[in-house]
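Numbering (our numbering), first residue to last: 43 to 365.
Read through the structure below, which is laid out as structure tokens, and then see the notes.
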DNA sequence: TGCAGTGTTGCTTC
DNA sequence: CGAAGCAACACTGC
């Protein structure tokens, strides 16, 4: 059985397309990158429009430094995608909200009738302008191209991001230490055990959902999984951490591990663009119990899922199952 | 039709 | 000092 609506899967072997990336989604992307582009060389930057996109260094520097770097491996730290390159460089990508990466065959993108050479990808106003475009590239979500890297082997790696929140940096190895300093432990590492989690709870003050989403405390949990984790723990999102009983803390700890693992296994489950999955067949709804289910029936007890605003974010929970 | 909602991060404010 | 609010952005839905 397929647990996903069409839009939430990798829609073609060459297209990595997952929305609203939290830890499991970023892990999925990283796993795919590791499979598909490791060993290739970055021949150069074919296109880059956003001045904001390249933050750390100037674009000219970025362009010069990334040229001819070999891709060694891809890894994830929190919601950051880290592509390790030769000469101890790292291409760091944070997709923020609507960013996504595309791997596309170069030959599909050439605009022959526009007189382009093999290395010229034609993009106009952020849209692909080649002929014979794959169907997926014509989708609206893929028409916000800000960066295109040419890879050896006749492929390109592109970043599309409607809201321009995504960030791309070319950094050196020291960046890993900077990340470690500002990010909490990886929830799926063995080092993140119940003792570690209890310490985090002890050092937190406000509401439990905010604590779970605080990247400096725990890495990689966003709005979707925070809601889902708390549902499976039977704990209301607005509970103060100080009020949590031992058994509840244990439940939350287990749920963090279980839900994130399950989500990775399923290649990510989150979606914000609800309209994309609405009405479409697939078991996607089966893996989502509360997030964006306001007004619908709780899958456990049948009560109506409630939505509140907490910490500026939409927060869904079952008023009966969660105490 | 305009404006609130959508969510991640980091900066500002209190 | 730490929590809360908001900007960045573009599009959807009411």
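Cβ atoms here follow ideal geometry from the backbone N, Cα and C, with glycine treated the same way.
These numbers were taken from a predicted model, which means no experiment stands behind them.
DSSP three-state call for residue i: helix, strand or coil?
i: residue 62; result: coil
i: residue 122; result: strand
i: residue 252; result: helix
i: residue 345; result: coil
i: residue 258; result: coil
i: residue 364; result: coil
i: residue 77; result: helix
i: residue 44; result: With a pLDDT of 26 at residue 44, under the threshold of 50, the modelled position of this residue cannot be trusted, and the question is left open.
i: residue 387; result: The requested residue 387 does not occur in the structure, where the chain is confined to residues 43 to 365.
i: residue 352; result: strand
Could you give the first and the last residue of the continuous alpha helix (DSSP H) run that contains residue i?
i: residue 305; result: 288–307
i: residue 200; result: Note, residue 200: premise wrong, no alpha helix (DSSP H); beta strand (DSSP E) at 197–203.
i: residue 216; result: 216–224
i: residue 107; result: 101–108
Cα-Cα, which of the options is closest to residue i?
i: residue 231; options: 295, 280, 193; result: 295
i: residue 186; options: 194, 201, 197; result: 201
i: residue 112; options: 357, 195, 204; result: 195
i: residue 136; options: 250, 144, 128, 120; result: 120
i: residue 115; options: 82, 286, 183, 235; result: 82
i: residue 190; options: 105, 126, 124; result: 105
i: residue 132; options: 69, 217, 188, 68; result: 217
In the DSSP assignment, the beta strand (DSSP E) including residue i goes from what residue to what residue?
i: residue 89; result: 83–90
i: residue 356; result: 355–359
i: residue 272; result: It is not in any beta strand (DSSP E) - residue 272 instead sits in the alpha helix (DSSP H) that spans 265–275.
i: residue 187; result: 187–193
i: residue 242; result: From DSSP, residue 242 is part of no beta strand (DSSP E) but of the alpha helix (DSSP H) over 236–244.
i: residue 134; result: 131–136
i: residue 144; result: 141–147
For the ligand PLP, I want to know if residue i counts as a neighbour, meaning its beta carbon is within less than 7 Å of at least one of the ligand's heavy atoms.
i: residue 124; result: Here there are no bound small molecules, and the ligand PLP is not part of this structure.
Quick one: measure Cβ to Cβ for residue i and residue j, integer angstroms, because I've assumed they're closer than 8 Å.
i: residue 148; j: residue 198; result: 5 Å
i: residue 221; j: residue 110; result: Wrong, their Cβ atoms sit about 26 Å apart, outside the cutoff.
i: residue 370; j: residue 208; result: In the structure as shown, the chain starts at 43 and stops at 365, and residue 370 therefore has no counterpart that could be examined.
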